[in-house]
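In the UniProt record's numbering, the protein residues as written are 1 to 671.
Heads up, the beta-carbon is just placed ideally off N, CA and C, and yes, glycines get one too.
Quick caveat: nothing in here was measured; it's all calculated off a predicted structure.
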């Protein structure tokens, strides 16, 4: 029997009746909002071959009974809030083909027993807090096609036994604390095609020449290590390579003379002072150089040829500019076409888009009725947001940035930053579709959110949208998850700088998405003389900013704490001076005066429910923790998520215990 309930926005726990379906072979619950722990009773389903619970809100440890699923082939638990260690009993699942527990909060070592699952083809343990060494025994997993161990706290060396994983097409180990040399045995992985990533570790020594054997490899990331020596000449044999990042090592010497390395952006080689052959840093042909005299002569001829071509190009360009000016004068306006990044692999000039569809400025004008007031869906310090309805009925949000006046031209730093932000993808973060600049209009395109912002719903001037507590809790948890991703999982880390209820947007199912992430920094980059947008919004700004003028992740945590207080109280972050001037001071005053929690909480909520009041009281403690005056006393967003989950679990446990005691009292004999 097959049961698939994926992507239906289901809430609550897994129904206990599921355990009675003894003939069930596949259970798919991914992409919902289910919560609770992994039921031990599921281990009774001995015929279960596929269990998919990814992208939910499940929490707690994986029970050791997981080892009873002897028929299990697919176990997918990614994107949840599971904690604890990976049970050694997983090694009993000898039929396992796919095992994915990425994006959870697992700790401890990787169990060596996993190596007994020799049928494994896909193993993803990334984005957890796993520690210890990578088991040498993993070399026995000869059927592996994908292995992801990135973004953990693993140490030790990369096992040389990995050289036996001949079917591997993708190997991800970045973002750990791995040390030692890059094993020469990795050169045996000739099936590697998608990526080899060992970036952001502490690897040392030289890059093995044997990596030049990976002829099918498309993406190679060796950046942010302590590698030294020259880039192997064998890299010229990597004919399929599309991207190669070697930045922030101690490399020296010339780059391989191939079209790829000639066209790669110089950011891929930053932090290697001894490297040459990069754009703007040619290798010298004199004594002590890296080139022989023949190579130097060839280089000189090439430079001469390029110089002639450059002069000819300039002449042609000048003539073209004159013609273009005449055409523009005749037509009055030239509509630029905005193309996707797929077609602009090299360089940073021009518009930047992170979607495949082609969009023109003319289409944006039409979709927003020439940026009319009727299309406005939001305003902020950075600009105005418009709802754009495209010809195919797609809806996107277009933010028109406020002009910063003279000197506000978009530079490479701005474009590099927005390229980084455009690659951020998470279910609780608003997708950034792209950016373009046309005359005096700087436009940023975002994913459209049907229910607007949390701030509008909580504090709207019209009929205030009444959000029940369960919805508010889900919004808080979703926003926390998005912020945690920016702080902990993004490479490089992204600090939001302006967390507030108006920057938490809600889709048609009321799921939270963090918006405008990094926008304050972008505004600062585009006009370094303007600092007003960097610090955040009044009522949300962490107190230490006034003294340090530095924005850290703990500033975001403080701002998130203010949002929690808004959800709890329904009050605006800005308060009259007689009430303290802001919401944090108001609530702390009420707490100090022993005001009952029920008088602090939003009176529009159903406060007759004991469970709701108890859960809100626990969340209030979290909010006060986040808004601690000292940044050192504030939690991380990962800790905030754990506390929010514990708050719900504790309130349910307490409510269940009270109900059970009441039932016992009612059923006891009356004397």
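I believe residue i touches residue j by the beta-carbon criterion, under 8 Å. Please report the beta-carbon distance rounded to the nearest angstrom.
| i | j | result |
| --- | --- | --- |
| residue 143 | residue 120 | 6 Å |
| residue 401 | residue 382 | 6 Å |
| residue 135 | residue 116 | Actually they are not in contact, since the Cβ atoms of residue 135 and residue 116 sit about 11 Å apart, beyond 8 Å. |
| residue 155 | residue 179 | 7 Å |
| residue 684 | residue 83 | Because the chain is modelled from 1 through 671, residue 684 falls outside the range shown and cannot be assessed. |
| residue 245 | residue 272 | Not confirmed; about 11 Å, so no contact. |
| residue 71 | residue 101 | That belief does not hold up - the Cβ atoms of residue 71 and residue 101 are roughly 19 Å apart, past 8 Å. |
| residue 597 | residue 620 | 7 Å |
When the Cα atoms are used, what is the spatial distance from residue i to residue j?
| i | j | result |
| --- | --- | --- |
| residue 288 | residue 158 | With a pLDDT of 37 at residue 288, under the threshold of 50, the modelled position of this residue cannot be trusted; read the value that follows with caution. Cα to Cα, the separation comes out at about 35 Å. |
| residue 161 | residue 36 | 39 Å |
| residue 599 | residue 558 | 23 Å |
| residue 22 | residue 54 | 22 Å |
| residue 638 | residue 649 | 17 Å |
| residue 508 | residue 453 | 12 Å |
| residue 44 | residue 69 | 8 Å |
| residue 468 | residue 606 | 8 Å |
| residue 224 | residue 177 | 11 Å |
| residue 553 | residue 95 | 43 Å |
| residue 645 | residue 427 | 18 Å |
| residue 239 | residue 253 | 21 Å |
| residue 16 | residue 52 | 17 Å |
| residue 631 | residue 391 | 48 Å |
| residue 568 | residue 582 | 15 Å |
| residue 504 | residue 446 | 13 Å |
| residue 29 | residue 56 | 8 Å |
| residue 665 | residue 548 | Because residue 665 carries a pLDDT of 47, less than 50, the predicted location of this residue cannot be relied on, and the following value inherits that uncertainty. For residue 665 and residue 548, the distance between alpha carbons rounds to 59 Å. |
| residue 624 | residue 491 | 30 Å |
| residue 437 | residue 195 | 33 Å |
| residue 399 | residue 510 | 22 Å |
| residue 228 | residue 221 | 15 Å |
| residue 629 | residue 109 | 36 Å |
| residue 118 | residue 486 | 35 Å |
| residue 50 | residue 73 | 6 Å |
| residue 193 | residue 237 | 14 Å |
| residue 346 | residue 423 | Because the pLDDT of residue 346 is 31, which lies under 50, any placement of that residue in the model is unreliable, and the question is left without a value. |
| residue 444 | residue 432 | 8 Å |
| residue 80 | residue 282 | 49 Å |
| residue 580 | residue 543 | 14 Å |
| residue 343 | residue 456 | Here the model assigns residue 343 a pLDDT of 35, short of 50, so the residue's position is not dependable and the matter cannot be decided. |
| residue 1 | residue 18 | 12 Å |
Are the beta-carbon atoms of residue i and residue j separated by less than 8 Å?
| i | j | result |
| --- | --- | --- |
| residue 587 | residue 500 | no |
| residue 209 | residue 232 | yes |
| residue 75 | residue 59 | no |
| residue 473 | residue 396 | no |
| residue 724 | residue 199 | Nothing about residue 724 can be reported from this structure: the residues present for the chain run from 1 to 671 only. |
| residue 183 | residue 163 | yes |
| residue 494 | residue 421 | yes |
| residue 275 | residue 251 | yes |
| residue 589 | residue 536 | no |
| residue 168 | residue 137 | no |
| residue 25 | residue 5 | no |
| residue 173 | residue 189 | no |
| residue 361 | residue 375 | no |
| residue 186 | residue 211 | yes |
| residue 203 | residue 171 | no |
| residue 34 | residue 11 | yes |
| residue 651 | residue 615 | yes |
| residue 611 | residue 570 | no |
| residue 482 | residue 429 | yes |
| residue 551 | residue 565 | no |
Quick one: what's residue i bridged to in DSSP?
| i | result |
| --- | --- |
| residue 446 | 397, 432 |
| residue 170 | 146, 195 |
| residue 35 | 57 |
| residue 388 | 396 |
| residue 514 | 429, 504 |
| residue 382 | DSSP output for residue 382 lists no bridge partner at all. |
| residue 26 | 2, 50 |
| residue 74 | 50, 98 |
| residue 202 | 179 |
| residue 42 | Bridge partners of residue 42: none, in fact. |
| residue 272 | DSSP output for residue 272 lists no bridge partner at all. |
Self-check item: Contained beta strand (DSSP E) runs [length at least 3] in the region 205-267, N- to C-terminal order
Solution: 219-221, 226-229, 243-245, 250-254
Quiz item: Taking only runs of the alpha helix (DSSP H) that begin and end inside the region 93-141, which ones reach a length of at least 4 residues, in chain order?
Solution: none
Quiz prompt | Entirely enclosed alpha helix (DSSP H) segments - the region 546-617, minimum 4 residues | solution = 553-569, 583-592, 597-600
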